[in-house]
Amino acid sequence: MKLASLSSVDAAPAAAAQAHPAYRADIDGLRAIAVLSVVLFHAFPARLKGGFAGVDIFFVISGYLIGSIIIGGLQSHSFSFADFYARRIRRIFPALSLVLAASLTFGWFGLFADEYKMLGKHVVGGAGFLSNFFLWNEVGYFDTAAETKPLLHLWSLGIEEQFYIFWPLILCAAWKLRQRLFGVALLLALASFLVNVAGIAKFPSATFYSPASRAWELLLGAMLAYFSVNKLSLYFGARQSGGGDTRYELGSPRARNWLSVLGLLLLLTAFLALRKDKAFPGWWALLPTGGALLLIAAGPRAWVNRHLLARRPLVWFGLISYPLYLWHWPLLSFAQIMESGLPSARVRGVLLALAVLLAWLTYRWVERPLRGPAHGRAKVTGLVLLMLALALAGAWLYKHDGRPKRAAVVDNALLQKDLIMVEDVANVEACKKRYGFTTKYQYCLLDDPARDPSVLLMGDSHGYHLIAGLTRYYRAQGENLWFLGTRVPFLDMPPLDDPFQQATPQMMELALKTPGIKTVILSTALKLDPNSDPGRATMDHLRATLRQLLAHGRQVVFVNDVPFLNFEGRACIRRGAVAVTKLQLDCSLPAAEFRKAVAGHDAAVATIMREFPQVQLFDAAAQLCDAQRCHAMIDGMLMYRDTNHLSYRGDLWMGERFAQQQAARAAAGR
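Here our numbering is used: the first residue of the sequence shown is 531, the next is one more, and so on.
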């Protein structure tokens, strides 16, 4: 059996195609499946591990509906850019502006300054439909957990809005140039899909967030819209032995039923088979997008569409799907922030119920009144001004560091400093300029940019979280501390398709060849594993690094990293209705549990130290652990700002421990 051709039910395209497609209850039901899968995945990720694929279903639906509107409008000569964008504004802005305003209001009372600053930035991204680019650029060296970004989910809205901006322009240009609309869509979809599959291995973050690698999902729906508007259908042909063809048109009731069943099976497979650790979107995205495409193509009379998707409960959830998508994640994320960890299943269930209630109220009292055409120009103007005001408010908060003088945080200034990564941006830029660094992957900091460095600290963020304490110590010794950011500060480590690791050879060359460097300190979160081939290879890379540094006359200090907590450092802080806090008395990890987890690493470090007695070991973990517990709080001071990075005061405290060790070594004549 082979794909024979495209066939028109009426020989010519429908000249009077409707600009707006007829309402289909089954598509609202499909929307419900999409939003409920995403919501359940976010609230209970272990229960529906592939639920994130619901976003891809939304992309196909949006492409189909928007494609139907534009293609129908062009063919009926009724398409208007002004009308199209006015409708998009009345459809999208009301609920979004409400959620952004509510998030800013809650953040004013409930968030510390660093959290509120980032919320302001993400409000700008959400209001400008640029969240996907903002999040793409945040992936990297000092990125924070996704769960603590209340507007993380707006990345998909950014993808859709960018499609809404460029797709009408492309279609109108193709129409005026008398190009085949389907051919243009097919060509762009193939190009986008190739970008997706080519980039997913080497550039997973860019591929996930880029409109160039996501456009094909919306274009699938847009191509289906071309068939729908022009009343075209696919048929398969089979050659008979006696001559002639038998044609099986996909528009037949039986074929539509089978299409709907196959589409549903593809969606179920996506929800059950996909995992966060799979290379997604990539080829895997064909499961949810293919399923959605088949269900829409099957039409409202197909068996699954009639008996499942068009059911009133699903249709109701479909009608509130947009505000439900907008509300659910901020509620879950704010709860995670306030509790400094994953809320209980009961709390998450209550939050989902609250999200449904807020979604219905938003749909009933905000979306529906503002969506209609009455007073359309005034509505559009007001909504645009409101969105602009929200973007300006977010930008102001970001510029003013989350307004740390708010009453909600002013009483916790010291804690606030503990919970942020302190960074001297001007100093970083001066250092990068001095050494000719041009990318964000070449991270550099020099205590006194006017002087040559004498001590070098190399490492990832687990090197950086020692910088305040080490700077204070070495400054007192008359030395100038230099920090070079790498992923793993070892010679000849595989690049691992990681741009930070790819920059490491250049950093290591500077460590070896820069004159005046007396001491090199290596600190990384990487755990050594003597019981695996990759682990043993890493140990060999460390050995090679130590040999080279010692051969160049460097004194070398190797830092044994701090314990990784099984809770957030912020869990040591109890928040009330606002960010007024008190410290918990017990905030620690069983030492035996930690030592068991790092037994292989400790054995590997001991082996390396025996082989290189000239190398000094600074055991940061031992400073925080006694025989019973590893402490996240010492003497009333919060040591951690998250699960594995020292707080500002923890950094200074660790620097004091380092100074004590150096003094003891000097007294011992070493």
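A virtual CB, placed ideally from N, CA and C, is assigned to each residue, including glycine.
- Just so you know, the alpha carbons of A1193 and F1148 end up roughly 13 Å apart.
- Taking the CA atoms as reference points, K732 sits about 28 Å from V958.
- For S758, DSSP records no beta bridge to any residue.
- Around the beta carbon of R1179, a 10 Å sphere encloses 16 or more other beta carbons of the protein chains shown; the residue is thus reported as buried.
- Residues A564 of the same chain have their beta carbon placed closer than 6 Å to that of F588, with the five preceding and five following residues left out of the count.
- The beta carbons of V1092 and L1011 sit no closer together than 9 Å.
- If you look at I563, you'll find it in the alpha helix (DSSP H) that goes A555 to A573.
- The beta carbons of Y852 and V569 sit no closer together than 9 Å.
- Between the alpha carbons of A822 and L797 lies a gap of roughly 7 Å.
- Counting along the chain, the unbroken alpha helix (DSSP H) around V880 starts and ends at A875 to T892.
- Remark: C-beta atoms of R894 and R620 do not approach each other more closely than 9 Å.
- DSSP lists L976 and L986 as the beta-bridge partner residues of W1012.
- In the three-state DSSP reduction, I1103 falls in the strand class (E or B).
- In this structure, the alpha-carbon of A1122 lies about 7 Å from that of Q1158.
- Closest in C-alpha terms to H837, from the list H1161, D556, S991 and A1151, comes D556.
- The region 567-639 contains, as complete alpha helix (DSSP H) runs of 4+ residues, the segments 584-605 (chain order).
- Residue range R1159 to H1161 is occupied by the beta strand (DSSP E) that includes R1159.
- In this structure the region 998-1007 lies against the region 1181-1197, because at least three pairs of beta carbons, one per stretch, are closer than 8 Å.
- When only Cα atoms are considered, I600 and F757 end up about 13 Å apart.
- Taking all protein chains in view, the Cβ of E1141 is surrounded by fewer than 16 other Cβ atoms within 10 Å, so the residue is classified as exposed.
- Counting C-beta pairs closer than 8 Å gives fewer than three between the region 1159-1177 and the region 972-990, which falls short of the contact rule.
- For the set L927, Y594 and I1051, the Cα lying nearest the Cα of E747 is the one of Y594.
- Note on the region 682-743: whole alpha helix (DSSP H) runs with a minimum of 4 residues are 684-706, 711-729 and 734-739, in chain order.
- Under the DSSP definition of a beta bridge, Y1170 partners with L1176.
- F642 and G932 have their C-alpha atoms spaced approximately 8 Å apart.
- Nearest neighbour of F663 by Cα position, chosen from S610, W697 and T737, turns out to be T737.
- Counting only the Cα atoms, S592 lies some 21 Å from L795.
- Assignment of alpha helix (DSSP H) within the region 1044-1083, counting only whole runs of 4 or more residues, yields 1063-1081 in chain order.
- Our two residues, L861 and G1008, have alpha carbons roughly 50 Å apart in a direct line.
- With a beta-carbon spacing of about 7 Å, L750 and A719 fall inside the 8 Å limit used to define contacts.
- In the three-state reduction of the DSSP assignment, Q866 falls in the helix class, which pools H, G and I.
- For the pair D558 and A840, the Cα-to-Cα distance works out to about 8 Å.
- Membership of V1087 in the beta strand (DSSP E) is indicated by the continuous run Q1085 to N1090.
- In the structure shown, Q1007 falls within a coil segment according to DSSP collapsed to helix, strand and coil.
- A straight line joining the alpha-carbon of P624 with that of L687 spans about 14 Å.
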